[in-house]
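Just so you know, the sequences run in chain order A and B.
Every letter in the first sequence is one number past the one before it in our numbering, and letter 8, counting from 1, is 8.
Every letter in the second sequence is one number past the one before it in our numbering, and letter 154, counting from 1, is 154.
Backbone N, C-alpha and C define an ideal beta-carbon position, used for all residues, glycine too.
Computed from a prediction, not measured in an experiment: that's the story for all the values here.
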Amino acid sequence: VGIFGNVQQRRLEVVYDVAGGRVGFGSAGCT
Amino acid sequence: PRELESEHLTHMHTLDVSSLIPSTTCSPSTKGSNKRASLTVVDKHGPCSQLNHDKVKAPTMTEILEQDQSRVNSIHARLSKKLGLNGFHASKATTIPAKSGSTIGSGNYVVTIGLGTPKRDLTLMFDTGSDLTWTQCKPCLKSCYQQKEPTFDPSKSSTYSNISCSSSVCSKLSSATGNSPRCSSSTCVYAIQYGDQSFSVGFFSKEKLTLTSKDVFNNFLFGCGENNQGLFSGAAGLLGLGRDPLSLIQQTGTKYNRVFSYCLPSTSSATGHLTFGKTASSSGAIKFTPLSKLTEGTSFYGLDILGITVGGKKLSIATSVFSNAGAVIDSGTVITRLPPDAYSALKAAFKVAMKSYPLTSGYSLLDTCYDLSKYKTVSIPKISFSFSGNVNVDLDVSGIILVPKISQVCLAFAGNSEDDS
Chain A
1 VGIFGNVQQR RLEVVYDVAG GRVGFGSAGC T
Chain B
1 PRELESEHLT HMHTLDVSSL IPSTTCSPST KGSNKRASLT VVDKHGPCSQ
51 LNHDKVKAPT MTEILEQDQS RVNSIHARLS KKLGLNGFHA SKATTIPAKS
101 GSTIGSGNYV VTIGLGTPKR DLTLMFDTGS DLTWTQCKPC LKSCYQQKEP
151 TFDPSKSSTY SNISCSSSVC SKLSSATGNS PRCSSSTCVY AIQYGDQSFS
201 VGFFSKEKLT LTSKDVFNNF LFGCGENNQG LFSGAAGLLG LGRDPLSLIQ
251 QTGTKYNRVF SYCLPSTSSA TGHLTFGKTA SSSGAIKFTP LSKLTEGTSF
301 YGLDILGITV GGKKLSIATS VFSNAGAVID SGTVITRLPP DAYSALKAAF
351 KVAMKSYPLT SGYSLLDTCY DLSKYKTVSI PKISFSFSGN VNVDLDVSGI
401 ILVPKISQVC LAFAGNSEDD S
């Protein structure tokens, strides 16, 4: 299994919508 | 020439080499700190961390990467077991013994929460790859590792109580920890072990949890650890953010609708945030990809990777390379692992884009490194990932390279050892 690690997540806003069954990414939320 | 220059700017990050050296002073971000239910995220060993003091020795980057491999092996093993895969070869896993005062997959980030009445502040590693929240507890009946903050003492809290063995929530520990609960004098006992053989065993309990002054949860179920050993490096325990019913996300689901988000800082001297509930920014500019069916029934967050672009060019990788392997997103794994064919293609394209710079020896599990000590500025190709749902994610430059030192700047990716992992 591939793993998207935390170095690659730096400065991305990562949103876990567990109820909605989805994961979101945004670059504006961390600036 | 103008068109070439424009293309270069579009597809390359150009930066001062001096900016690659991490600062030794903390530069906190104000973003997120005033949001509702938002906790400040810091690198456990950076200058912003309260754990960054002489009491606990910080690991070297080599140690961090070695421990990262044990976490990856653990995730592979847990998923293979849950998914009933036959191809997993347990004998290939690397087991690194837990060492007191070292870390668990130590690229981990920490947040500070409050527990008990009166409230005690505890700094916990947050982890989307596990479910049970636990902290070390007095009287540490068997053993406790050294932690920075005073150990939580349940006898001094008016809101603490143990869970009895006959309680229905006691049986929920099996899925949350992978181990059946035990019973001691009719008190429910949990046990959880991690990929590096670190573990925590103790009383399954409930207590008042304070995230912020306006975000207080009575009867939060957690582990009060009486026997804790391993790689936790001064943190008081672990905050489980997986999908299991016992995770913090499910226990606070009524208030936050099972939505949380985080921003990890780009360097160890910056801060990020961990926010519970939907925020303005967690709806507008966010692109969502559905959770992969591969991880249904597990506590992991699965993603479907469709492709990778390097320096503006999409890599020629068959989609089956990604779909055969599957993928998860994990806050505790440091370096992204890719199927071997995908990593080979990524490495080759990165090398082409970096051909002006001298290659140097590899660093731990990173095999593509450059000596940039003779340069003032450097151009690094942009990398983006495509996920299902038409989601393209451009990585920050801090998510492309890892910098042990300026004479050894490395592509921050690694390949798995087998195509189906």
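Where the alpha helix (DSSP H) containing residue i begins and where it ends
i	result
residue 404 of chain B	Taken as a continuous stretch (DSSP letters only), residue 404 of chain B belongs to no alpha helix (DSSP H), being part of the beta strand (DSSP E) at 401-405.
residue 176 of chain B	173-177
residue 256 of chain B	253-256
Residue i versus residue j - alpha carbon distance
i	j	result
residue 311 of chain B	residue 149 of chain B	45 Å
residue 24 of chain A	residue 293 of chain B	16 Å
residue 376 of chain B	residue 290 of chain B	42 Å
residue 46 of chain B	residue 8 of chain A	18 Å
residue 59 of chain B	residue 232 of chain B	11 Å
residue 223 of chain B	residue 213 of chain B	23 Å
residue 109 of chain B	residue 315 of chain B	32 Å
residue 406 of chain B	residue 21 of chain B	7 Å
residue 347 of chain B	residue 228 of chain B	40 Å
residue 147 of chain B	residue 200 of chain B	14 Å
residue 393 of chain B	residue 169 of chain B	39 Å
residue 117 of chain B	residue 157 of chain B	5 Å
residue 370 of chain B	residue 356 of chain B	10 Å
residue 36 of chain B	residue 279 of chain B	8 Å
residue 396 of chain B	residue 155 of chain B	46 Å
residue 132 of chain B	residue 194 of chain B	12 Å
residue 319 of chain B	residue 237 of chain B	39 Å
residue 135 of chain B	residue 264 of chain B	23 Å
residue 297 of chain B	residue 241 of chain B	15 Å
residue 387 of chain B	residue 143 of chain B	44 Å
Residue i in three-state terms, based on DSSP
i	result
residue 337 of chain B	strand
residue 115 of chain B	strand
residue 215 of chain B	strand
residue 12 of chain B	strand
residue 132 of chain B	coil
residue 161 of chain B	strand
residue 153 of chain B	coil
residue 369 of chain B	strand
residue 44 of chain B	coil
residue 60 of chain B	coil
residue 94 of chain B	Unreliable positioning characterises residue 94 of chain B in this predicted model, as indicated by a pLDDT of 32, which lies under 50. A coordinate reading is not provided.
residue 3 of chain B	helix
residue 21 of chain B	coil
residue 397 of chain B	helix
residue 10 of chain A	strand
residue 418 of chain B	coil
residue 428 of chain B	The structure shown does not extend to residue 428 of chain B, since chain B spans only 1 to 421, so no value can be given for it.
residue 69 of chain B	helix
residue 23 of chain A	strand
residue 231 of chain B	coil
Exposure label - residue i; buried when at least 16 CB within 10 Å
i	result
residue 76 of chain B	buried
residue 458 of chain B	Nothing can be reported for residue 458 of chain B: it is not among the residues displayed for chain B, which extend from 1 to 421.
residue 417 of chain B	exposed
residue 6 of chain A	buried
residue 374 of chain B	exposed
residue 208 of chain B	buried
residue 313 of chain B	exposed
Closest Cα partner of residue i within the set the options
i	options	result
residue 49 of chain B	B:38, B:111, B:61, B:68	B:111
residue 162 of chain B	B:187, B:296, B:139	B:187
residue 16 of chain A	B:342, B:257, B:266, B:355	B:257
residue 176 of chain B	B:299, B:319, B:142, B:211	B:299
residue 198 of chain B	B:67, B:155, B:364, B:306	B:67
residue 172 of chain B	B:221, B:208, B:41	B:221
residue 30 of chain A	B:245, B:123, B:374, B:273	B:273
residue 317 of chain B	B:265, B:385, B:166, B:364	B:385
residue 24 of chain B	B:39, B:43, B:38	B:43
residue 389 of chain B	A:26, A:22, A:13	A:22
residue 123 of chain B	B:11, B:387, B:62, B:211	B:211
residue 252 of chain B	B:234, B:286, B:275	B:275
residue 130 of chain B	B:249, B:180, B:204, B:19	B:249
Run of the beta strand (DSSP E) containing residue i, from where it starts to where it stops
i	result
residue 193 of chain B	187-193
residue 305 of chain B	305-310
residue 321 of chain B	No beta strand (DSSP E) contains residue 321 of chain B, which is instead part of the alpha helix (DSSP H) from 319-325.
residue 125 of chain B	120-127
residue 290 of chain B	287-290
residue 300 of chain B	It is not in any beta strand (DSSP E) - residue 300 of chain B carries neither H nor E in the DSSP assignment.
residue 18 of chain A	Residue 18 of chain A -> no beta strand (DSSP E), and no H or E assigned at all.
residue 381 of chain B	377-381
residue 270 of chain B	Here residue 270 of chain B belongs to no beta strand (DSSP E), and DSSP marks it neither H nor E.
residue 394 of chain B	391-394
residue 260 of chain B	259-263
residue 364 of chain B	Run containing residue 364 of chain B: none; DSSP gives neither H nor E here.
residue 243 of chain B	Careful: residue 243 of chain B lies outside any beta strand (DSSP E) and carries neither H nor E.
residue 2 of chain A	2-4
(request) With 8 Å as the C-beta to C-beta threshold (strictly closer), list the residues of the segment 319-344 of chain B near chain C in chain order. (result) Judged by its chain identifiers, the structure shown contains no chain C, and its protein chains are A and B.
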